[in-house]
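Participant: Protein chains in written order, with the working numbering: chain A, 1 to 109; chain B, 1 to 109. Think of the CB as a built atom: it goes at the ideal place given N, C-alpha and C, for glycine as much as any other residue. First the structure, which I've put down as structure tokens, then a few questions once you've had a look.
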């Protein structure tokens with residue numbers, strides 16, 4: 001399906017069994033994406049424009065896509081808004097303790 | 001200094017205080033580089049051609065450089081051989097438990 005045809009489709013999310021460690025490490029190796037994950041780690045679902053990051057909307061969309069394709073976040077559309085949450089239970093089921101350890105290290109650094 | 005002039009200089013290594021979490025995650029987000037780190041995690045210093053990876057020498061040099069610049073490995077030249085070891089004590093001092101946790105997750109995956 002062409003990319004333009006998918007723009008209004010709901011975002012796709014990988015299954016828990018598909019979560020890949022190298023994809024997750026790559027997703028977390030960027031300051032903006034790590035900040036998004038850290039913000040969601042201890043907080044509730046948020047609307048996309050409310051994260052404490054300073055990047056252009058198109059750049060932010062790219063970062064959300066990388067995080068979503070790595071299985072770190074879940075996104076759902078409600079009217080004109082896209083809500084983002086962390087797939088914390090799924091991540092813990094697949095890689096127990098891993099992302100929490102990384103987020104802790106980021107906060108201490 | 002031009003790159004060509006540095007080819008025979010000993011490899012440079014960042015100080016412990018310079019080790020950056022995002023650089024380390026990026027370095028570990030590649031299967032070849034993760035395999036190198038996993039091999040060194042439980043083993044001694046090795047000569048460069050002896051790692052269980054299947055990539056061209058120029059590609060391997062690139063991967064070693066990424067790992068070295070992230071502070072994960074130490075390299076030293078002895079005659080015509082380059083020996084590589086893990087900077088395990090330095091990594092543990094800067095990010096206690098982190099890389100071990102990631103290596104464990106890679107082995108279980």
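(1) Just verifying my parser: in three-state terms, what is the DSSP assignment at residue 63/A?
(2) Could you tell me the boundaries of the alpha helix (DSSP H) in which residue 39/A lies?
(3) Quick check on this structure: which residue in 94/A, 90/A, 80/A has the alpha carbon closest to the alpha carbon of residue 10/A?
(4) Rounded to whole angstroms, what's the CA-CA distance from residue 82/A to residue 44/B? Just pull it up for me.
(5) I want to verify the contact list: residues of chain A whose CB lies under 7 Å from the CB of residue 31/B, in sequence order.
(6) Leaving out five residues on either side along the sequence, give the residues of the same chain with a beta carbon under 8 Å from the beta carbon of residue 38/A.
(7) Using a Cβ cut-off of 8 Å (strictly closer), state whether residue 13/A contacts chain B.
(8) Could you give the residue range of the alpha helix (DSSP H) that holds residue 180/B?
(9) Out of 55/A, 13/A, 21/A, point me to the one whose CA is closest to residue 96/A's CA.
Facilitator: Answer, in terms of the structure:
(1) helix
(2) Bounds of the alpha helix (DSSP H) holding residue 39/A are 31-41.
(3) 80/A
(4) 50 Å
(5) 22, listed in chain order.
(6) 103, 106, 107
(7) no
(8) The displayed coordinates of chain B run from 1 to 109. Any statement about residue 180/B would go beyond what the structure contains.
(9) 21/A
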